[in-house]
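Quick notes on the structure that follows.
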Amino acid sequence: TGGQATGSKTSAMVQMQKLGRFKRLLGQTRKPNTDWKPNYGLLTRRKHHPLILNGYPQFEKPYDPDNRKTPPTQKKYRPPVPPPVVKASRNSSDYNEDNFHQLKSKFQFEVKGMFHDKGYLAEKEVFTAAFNLHLVGWLKIRSNFMLGHVQGDTYALSYFKKYLEEKHLSKEAGTIDWVRLFEYNTGLSTPLQYRHLYCEKDWRKYRRRKAHIMSLYEKWQIRRLQQESLERREKELKVIDEKCLRNY
Numbered sequence: 018t019g020g021q022a023t024g025s026k027t028s029a030m031v032q033m034q035k036l037g038r039f040k041r042l043l044g045q046t047r048k049p050n051t052d053w054k055p056n057y058g059l060l061t062r063r064k065h066h067p068l069i070l071n072g073y074p075q076f077e078k079p080y081d082p083d084n085r086k087t088p089p090t091q092k093k094y095r096p097p098v099p100p101p102v103v104k105a106s107r108n109s110s111d112y113n114e115d116n117f118h119q120l121k122s123k124f125q126f127e128v129k130g131m132f133h134d135k136g137y138l139a140e141k142e143v144f145t146a147a148f149n150l151h152l153v154g155w156l157k158i159r160s161n162f163m164l165g166h167v168q169g170d171t172y173a174l175s176y177f178k179k180y181l182e183e184k185h186l187s188k189e190a191g192t193i194d195w196v197r198l199f200e201y202n203t204g205l206s207t208p209l210q211y212r213h214l215y216c217e218k219d220w221r222k223y224r225r226r227k228a229h230i231m232s233l234y235e236k237w238q239i240r241r242l243q244q245e246s247l248e249r250r251e252k253e254l255k256v257i258d259e260k261c262l263r264n265y
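The numbering of the sequence shown is our numbering, which starts it at 18 and goes up by one.
Here is the structure:
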């Protein structure tokens with residue numbers, strides 16, 4: 018009996034505390050001002066949220082050429098349609114002197130020699146010769162070698178092949194020691210792999226170039242010392258054989 022009275026008294030106090038707290042909160046809560054913002058009740062409209070891209074809201078802004086952040090258009094970029102692949106006929110009887118120029122070919126070449134002015138003059142002459150023949154591909158020309166991959170008309174490639182093999186290079190540009198042609202192929206499908214002709218430049222930084230030059234210089238010094246040692250040894254053996262001397 019005593020415990021039940023104590024429990025009921027405690028529960029009544031808890032309820033009174035909750036009721037008092039609720040009344041105090043009602044006193045602090047402001048009533049909605051319907052004149053400032055209409056209350057639609059159950060017919061409340063949905064909020065308009067902006068488009069979120071990469072965590073940033075995208076708002077509509079007027080066009081401003083100085084504002085580079087404004088997208089020029091919302092149209093999705095679609096790349097141009099590639100041209101259809103036309104496969105060349107592999108039958109040799111389909112070609113004659115009249116339509117043989119329609120056959121596309123390619124080959125790669127390697128040239129060794131000495132080209133002046135870091136190969137700039139040789140690069141200009143070889144590029145001009147290939148460009149005038151309407152060839153496409155790439156060229157890499159340095160002071161002591163040439164590399165390249167050219168594609169185009171079969172007649173044009175035969176002329177360029179003759180240009181390389183007969184070493185039609187001016188003395189101001191340099192001299193060609195030997196030429197090697199490889200990866201020769203005829204009957205390519207169009208469009209070709211390359212669309213234009215370009216030269217591959219040396220874009221290395223000075224630190225990389227200096228390290229390469231130092232390594233070449235060290236190799237040259239080693240070869241020079243080995244050659245001098247061989248010549249000295251041959252001279253000593255010649256003196257021993259001529260004077261009949263003993264070196265033991």
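Here a beta-carbon is modelled for each residue, glycine too, at the ideal position from N, C-alpha and C.
Only residues of its own chain outside the window of five on either side were considered, and among them 126 and 156 have a CB closer than 6 Å to the CB of residue 165, listed in chain order. The alpha-carbon separation between residue 98 and residue 190 amounts to approximately 43 Å. Residue 61: not part of any beta strand (DSSP E); DSSP gives it neither H nor E. Taken in chain order, the complete beta strand (DSSP E) segments of 3 residues or longer contained in the stretch 165-207 are 191-203. Between the stretch 145-160 and the stretch 192-206, the count of C-beta pairs closer than 8 Å stays below three; the two stretches do not touch. When DSSP reads this structure, residue 131 sits in a beta bridge with 192. Between residue 130 and residue 171, the CB-CB gap reaches or exceeds 8 Å. By the beta-carbon neighbour count (other beta carbons within 10 angstroms, threshold 16), residue 76 is exposed. By a beta-carbon distance limit of 8 Å, residue 182 contacts residue 196. Their separation comes to about 6 Å. Contact annotation, residue 132 with residue 108: C-beta distance approximately 42 Å; criterion of less than 8 Å not satisfied. The three-state secondary structure of residue 103, taken from DSSP, is strand.
Bounds of any alpha helix (DSSP H) do not take in residue 156; it lies within the beta strand (DSSP E) bounded by 153-158.
Residue environment analysis places residue 187 among the exposed positions, since fewer than 16 neighbouring C-beta atoms fall within 10 angstroms of its C-beta.
One Cα belongs to residue 112, the other to residue 118, and the distance between them is close to 9 Å. DSSP, read as helix, strand or coil, puts residue 210 in coil.
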